[in-house]
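Enquirer: Pasting a structure below so you can have a look.
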Amino acid sequence: MSIHLRRLAAAASGLALVAAGTGALTPSQAAPAHRAAVQRLEATLRPSGDPDGSGEAHFTLNKARHKVCATVEWQDIAAPDSAHIHHASDGGIVVDLGGAVTGGSHCTTAVSKRAIAKILRHPGAYYFNVHNSTYPAGAIQGTLRR
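Under my numbering, the very last position in the sequence shown is 202; numbers go up by exactly one each time.
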């Protein structure tokens, strides 16, 4: 074997060892964002019924545990009595988070893995709606986003 070929073989071996030792994943090897075990989403809440209402909602979704948690802050609306994540196309309730409106964080484990996977795959296809007795169809709402 010539000196040139030996050097080339040694360089290729060294490069292979360095590449194998990094353990770094290329973007195509990394799991898609919607497949991570726990995901966080949020929504800026704007008037849907109450003209001066506003708020923020923060969500943690855990597909493995069938769990969705929400922390909600609101301003300038009558006391909320229920809150839900709805599918935007048909308005159907996908996740009931009624306790989230009492303040602090509220979780529900009554959510299928499939429903959570769909929300994580397309968060913009869902919205969070806070209801009260003055605006039973919804006082404030916001589209989910990462």
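C-beta atoms are modelled at their ideal positions from N, C-alpha and C, and glycine is treated no differently. Bear in mind the structure is a predicted one, so any value in this text is a computation, not a measurement.
(1) Measure the CB-CB distance between Ala173 and Lys119 and report whether it falls below 8 Å.
(2) Thinking just about the alpha-carbon of each residue, which of Gly111, Gly105 and Phe115 is nearest to the one in His162?
(3) Looking only at its chain, what residues have a beta carbon closer than 7 Å to the beta carbon of Ser189, apart from the 5 residues adjacent to it on each side?
(4) How about Leu117 and Gln131: are their beta carbons less than 8 Å apart?
(5) Can you say whether Ala193 is buried or exposed, counting buried as having 16 or more other CB atoms within 10 angstroms of its CB?
(6) Alpha carbon to alpha carbon, how far is Ala93 from Phe184?
(7) Check for me: the alpha helix (DSSP H) holding Ile172 runs from which residue to which?
(8) So who's on the other strand from Ile196, going by DSSP bridges?
(9) Do you know offhand how far Ala181's Cα is from Ile141's?
Expert: In terms of the structure at hand:
(1) Yes, they are a contact pair.
(2) Closest by alpha carbon: Phe115.
(3) Excluding positions up to five away in sequence, the list reads Ala134 and Asp137.
(4) Taking 8 Å as the Cβ cut-off, Leu117 and Gln131 do not qualify as a contacting pair.
(5) Burial call: exposed.
(6) Between Ala93 and Phe184, the C-alpha separation is close to 22 Å.
(7) It spans Lys169 to Arg177 - the alpha helix (DSSP H) in which Ile172 sits, taken as one unbroken run.
(8) Its beta-bridge partners are Pro103 and Val186.
(9) C-alpha of Ala181 to C-alpha of Ile141: approximately 10 Å in a straight line.
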